[in-house]
Every structure is written in structure tokens, then in C-alpha cells.
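First the structure, in the form of C-alpha cells, and then the observations on it.
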Amino acid sequence: PATESKRLRIAMQKSGRLSVDSQALFASCGLKINLREQRLIAHVENMDIDILRVRDDDIPGLVMDGVCDLGIVGENVLEEESLQRQLDNHSFDYTVLKRLDFGGCRLSIAVPQEDEYQGAASLEGKTIATTYPRLLGRYLKQQGVNARVVTLKGSVEVAPRAGLADAICDLVSTGATLEANGLREVDVIYRSKAVLIQRKDLTDNKQLKLINKLMPRINGVMQANE
Ligand code: PRP
Ligand code: ZN
Ligand code: MG
């Protein structure tokens, strides 16, 4: 029947900076998941929950489209998707249930070590490679700078050396990637952490009850980590 309660679907990053911490959070909340299985969907053995392991970039859309009920994703990816959907006149509703205590990083402008940089104006007329064209575009607009934005899904840090761009706008956490590629961080344009988000139109009572059971556990785990 249509009223039958479905298992709660939570999207998390399959592999990358958020996956280990997301899994650890689920474990701390008492979710029993078979971590050996590298399948797309992992069934939680002791609760009516399924964990979907997907690319981080897909998580905001899965939640905004109601395909998944909850998701753990970086604010940078979430904001980029929201800006893109606003431009596309596509719905981008979601609720942030909790800002988490992991996945901290910054989205920064970086230039080759030896290049001069005196603020955003130095980017005028330049080409900038990034995986976050909308966040970068918003920043450039705020700064009144005209630059060409090249979107790359990966290997952004090699773009200047490859002659594809003058500068990059990419995520930095330890700074090791920039250093290894002869780049210098010059401006931070966005600070991000992982967030737990919920789809807007969630009305199933059992699912809502389950979320109400999970939230105090998440808060407890975060307090214990403080
Ligand atoms: C980011 C970024 C760099 C790296 C920077 O990638 O694109 O490659 O992290 O980290 P560092 O300052 O500690 O060296 P991420 O791990 O988010 O993977 P993705 O680009 O594939 O999403
Ligand atoms: Zn990614
Ligand atoms: Mg990367």
C-alpha cells in the first residue's frame, strides 16, 4: 500500500574526505552497518535505515529531489548546487539538521608561488580553474572582477602548470596539495564544514520518529568530542 513506511535513506560520500567521519558518526549513533560490503546501498541491520554511498557532488541533488531523506555533505558542495539550481530555476529546498564537527575546509584562490597578488583585482582578465564555478562566480561578482572561469571536475591544482589557467579556486585543508603543486593560497572565499541535511517534504511518521531518535545521539556524540 502507498501508506507503507519506507526505510530511511541516508546519502553519504562513498570515498573521500567525509566518508570515514560519516561512517564513524553512524557507528557512534548505534547504526550497525556491514562496512566490508562496498555496495551502493548498505542496509543498517538494527534500524529501518539504508545508507547510500555516492559521489559527494550527487548528495545535495539526491536530497533536494527527495530521492534520499538525509545526507551528509560539505557546505561547499551544497551551496554550489543551490546556486546552480537557482540559476536553472530548479527547486533547491532542504533543511540543515546539524552542522557537524568534521569536514572542515576552505575554498581558496591560489596562484603560482612566484606570481604577484594584490587582492582580487589581480584576477582581472585572468583565467581561473575551479570545481565550484558558481561560488567563484558569486565571489568575483561581489569583488567587481571580470575573469574567465574554467570548470574542471578534478586535477584543478595542475591547471596553472598545464597552461590551462592563471590561478585556481579549490578546496584547501592541510595545504599539502597546493604546496606540492607550487601554488600559494592568497584569498579564502568560503569556509565549509560537513552538514546533515534533510529533504523538505518528509512527512512519514515512522521516518520522522527515527530522525528524532537519531538527533540526540548525534548531539551527544558531538558533545563528547568537544
Ligand atoms: C580537495 C582538493 C584538493 C585537496 C586539498 O579534494 O581538491 O585536491 O582536497 O587538500 P589538502 O589541502 O589537505 O592537500 P577532495 O579531497 O575534496 O576530493 P574531490 O576534489 O575529489 O572532491
Ligand atoms: Zn567531489
Ligand atoms: Mg581534489
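Going by our numbering, the sequence shown opens with residue -11, and the numbers climb by one from there.
Each residue gets a CB set at the ideal place from its N, CA and C atoms; glycine is no exception.
It should be emphasised that the depicted structure is a prediction, and the values quoted were computed from it without experimental measurement.
By the Cβ-count criterion, N64 is buried, with 16 or more other Cβ atoms from all chains shown falling within 10 Å of its own Cβ.
Pairing G92 with N207, the inter-Cα distance amounts to about 18 Å. The C-alpha of V183 lies about 14 Å from the C-alpha of S70. Scanning A117, R172, I39 for the CA closest to the CA of D154 turns up A117. Burial state of N134 is exposed, judged by a 10 Å Cβ sphere holding fewer than 16 other Cβ atoms. Every unbroken stretch of the alpha helix (DSSP H) spanning 4 or more residues and falling wholly within the stretch 54 to 106 is given here in chain order: 63 to 75.
The Cβ atoms of L128 and Y178 lie no closer than 9 Å to each other. In terms of CA proximity to A12, D89 leads the group G54, G49, D89. Residue pairing for L124: DSSP places it in no beta bridge. Rounded to the nearest angstrom, the gap between the Cα atoms of D45 and Q106 is 32 Å. With respect to L(-4), D36 sits close: the two C-beta atoms are nearer than 9 Å.
The Cβ neighbour count for V99, taken over all protein chains shown within 10 Å, is at least 16; the residue is labelled buried. Within a 10 Å sphere around the beta-carbon of G62 sit 16 or more other beta-carbons, which makes this residue buried. In the three-state reduction of the DSSP assignment, Q11 falls in the helix class, which pools H, G and I. Following the DSSP letters along the chain, one finds T165 inside the alpha helix (DSSP H) bounded by residues 164 to 168. Here R205 carries a helix assignment [DSSP, helix/strand/coil]. In the DSSP assignment, L171 falls within the unbroken beta strand (DSSP E) covering 171 to 180. Contact annotation: L95 and S3 have beta-carbon atoms that are not nearer than 9 Å. With fewer than 16 other CB atoms across the displayed protein chains lying within 10 angstroms of its CB, V176 is exposed.
Look at M35 here: in three-state DSSP terms it is coil, with no helix or strand label. Of the residues R43, N22, L28, the one whose Cα lies closest to the Cα of N34 is N22.
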